[in-house]
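Visitor: Have a look at this one before I ask anything.
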Amino acid sequence: MFYRLLKFTVVIFTIAFLSELAHTASPPPIEATSSPFLCQEASATCSCPLLARKISSEHNSRCASIILDNKSSYNVRLVVASLEDGRWVTSDDSGDVDIDCSPRTKRFANDELEVLSSVTSHFLGGIRGYATFHLDDDASTNFTIYWDAPLLGDNSYGITGLPTTKYQVALQNNLDNTVFQVTVRPVSTYSTDWGSIFSVLSLIGI
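Mapping to our numbering: the sequence shown position 110 is 185, numbers consecutive.
This is how it looks when you write it as structure tokens:
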């Protein structure tokens with residue numbers, strides 16, 4: 076009788092431990108860091124933020140760039156992007172390089188990046204905008220990245236719409252807070268295999 080009770084107690088503690096692990100093993104859904112801006116390739120992802128920074132420096136104005144790093148395991152599509160103040164950096168700004176940093180409603184796959192760069196459009200102006208993206212997941216998730224570069228003060232950024240139970244969001248501010256990089260990954264969780272647990276219970280006679 077004592078041995079049977081001991082086995083039952085061990086199994087109960089095991090179930091409780093696995094259930095707690097399933098809820099706590101995931102990394103924090105939102106992580107915010109600040110790091111140097113590293114550009115290792117001649118792509119729009121690297122060139123657009125630097126071009127926006129160059130334009131703002133030449134005109135003593137503001138700039139803001141958004142980089143979305145898609146590691147969600149799904150395709151992502153830009154639904155809409157809009158500027159309430161400011162303008163997009165286009166190929167007209169890049170000369171012979173022909174780099175376009177304006178919104179493109181294309182679908183980009185897992186492990187691909189998308190960049191949007193904006194600058195001040197008028198004297199004593201700022202920048203305020205947002206971009207909404209669609210994830211091709213089972214829930215057809217839409218999420219929005221927004222930014223604000225006022226005439227005076229620091230740039231501010233944010234993201235809404237991603238369920239933290241499904242996605243981990245890493246945020247990085249680079250290049251003197253003129254670049255906001257958003258990396259979206261699926262949340263890794265350990266699921267409790269209740270079928271296996273009940274099989275063990277039956278084997279030990281509980």
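Idealized CB from N, CA, C, for every residue including glycine.
Between the beta-carbon of Leu250 and the beta-carbon of Thr216, is there less than 8 Å?
Guide: Contact flag unset, no.
Visitor: If contacts are defined as beta-carbon pairs under 8 Å, then Ile234 and Ile220 qualify, I think. What distance do you get, rounded to the angstrom?
Guide: The Cβ separation is near 5 Å, so the contact holds.
Visitor: List the whole-angstrom C-beta distance separating Ser157 from Gly204, where the pair is believed to meet the contact cut-off of C-beta under 8 Å.
Guide: The Cβ separation is near 6 Å, so the contact holds.
Visitor: For my contact list, Ile130 and Val164 are in at a C-beta cut-off of 8 Å; report their separation, rounded to the angstrom.
Guide: With a Cβ gap of about 7 Å, Ile130 and Val164 count as contacting.
Visitor: Looking at the secondary structure, which residues open and close the beta strand (DSSP E) in which Asp144 lies?
Guide: Start and end: Cys138 to Asn145.
Visitor: Where does Gly233 sit, in a helix, a strand or coil, going by DSSP?
Guide: Looking at Gly233 - three-state DSSP - the assignment turns out to be strand.
Visitor: Flag this pair as yes or no: are the beta carbons of Asp168 and Leu126 separated by less than 8 Å?
Guide: Cβ distance < 8 Å, so Asp168 and Leu126 count as in contact.
Visitor: Distance check for Asp160 and Glu187, CA to CA, integer angstroms please.
Guide: Cα to Cα, the separation comes out at about 28 Å.
Visitor: Please state the DSSP three-state secondary structure of Arg152.
Guide: Three-state DSSP puts Arg152 in a strand.
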